[in-house]
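Engineer:
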């Protein structure tokens, strides 16, 4: 996977109250358990990952109970997260993060093991427009998770987004060059991912 590709869907984000709960939920839905990833010291979180093909993956993320509290809000709305594991946001990769990010989205230098990236999301940690607008990631030297994850044959078929002000959402996605990468719907869950699993479509939301 060439992580230098301009403005493309990079990964889906499933939040959970605990990493074990999130892994179990995905394993039950998709038949494959995500692989343990690691810790994000700057955010006080940890994750597990599941390949959805050569250029896309699914991330399960939760607060790390062993980590120190971060200086600011955790990403993906985790400080306020409740309920069962669910899709809360998606992440788009770009090589133009400083040009595309909004004024209230600082580009943070992040690291997990030898992976290094810059990440832009709102100051308050809450995903934009209910998670329908992606956070932005710009991968640095050190590779990309897709190059190391086992391929179980799962593939993302479609990501559908739903927001009350569909015109505003479409404008945001157009600004990011991503309007053609997803499908918009007038109602339903904010994020719905259709994933091919052994020839069948399984929906995550």
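Residue numbers (the UniProt record's numbering): 1 to 205.
C-beta atoms are modelled at their ideal positions from N, C-alpha and C, and glycine is treated no differently.
Everything numeric in this text was worked out from a predicted model, so none of it was measured.
Taking residue 203 as part of the beta strand (DSSP E), name the residues at either end of that continuous run.
Structural biologist: Its beta strand (DSSP E) spans residues 200-204.
Engineer: Helix, strand or coil for residue 174 per DSSP?
Structural biologist: Residue 174: helix per DSSP, three-state reduction.
Engineer: With DSSP as the reference, label residue 81 as helix, strand or coil.
Structural biologist: Of the three classes helix, strand and coil, the one that applies to residue 81 here is coil, per DSSP.
Engineer: Classify residue 89 as buried or exposed, calling it buried when 16 or more other Cβ atoms lie within 10 Å of its own Cβ.
Structural biologist: The residue is buried, with at least 16 neighbouring Cβ atoms inside 10 Å.
Engineer: Considering only the alpha carbon of each residue, which of 7, 190, 20, 49 lies closest to residue 127?
Structural biologist: Nearest of 7, 190, 20, 49 to residue 127, Cα basis: 190.
Engineer: In the DSSP assignment, find the unbroken beta strand (DSSP E) run with residue 37 in it and report its ends.
Structural biologist: 35-40 is the span of the beta strand (DSSP E), which, as asked, contains residue 37.
Engineer: Short of 6 Å in beta carbon distance, which residues of its chain neighbour residue 173, apart from the five on each side in sequence? Order them along the chain.
Structural biologist: Once the five neighbours on either side are set aside, the close Cβ partners of residue 173 are 179.
Engineer: Between the Cα of residue 75 and the Cα atoms of 61, 95, 94, 65, which residue gives the shortest distance?
Structural biologist: Residue 75 has its Cα closest to that of 61, out of 61, 95, 94, 65.
Engineer: Residues in its own chain within less than 6 Å of residue 32 by CB, not counting five upstream and five downstream?
Structural biologist: So the list reads 152, once near-sequence residues are dropped.
Engineer: Which residues share a DSSP beta bridge with residue 163?
Structural biologist: Partner(s): none; residue 163 has no beta bridge.
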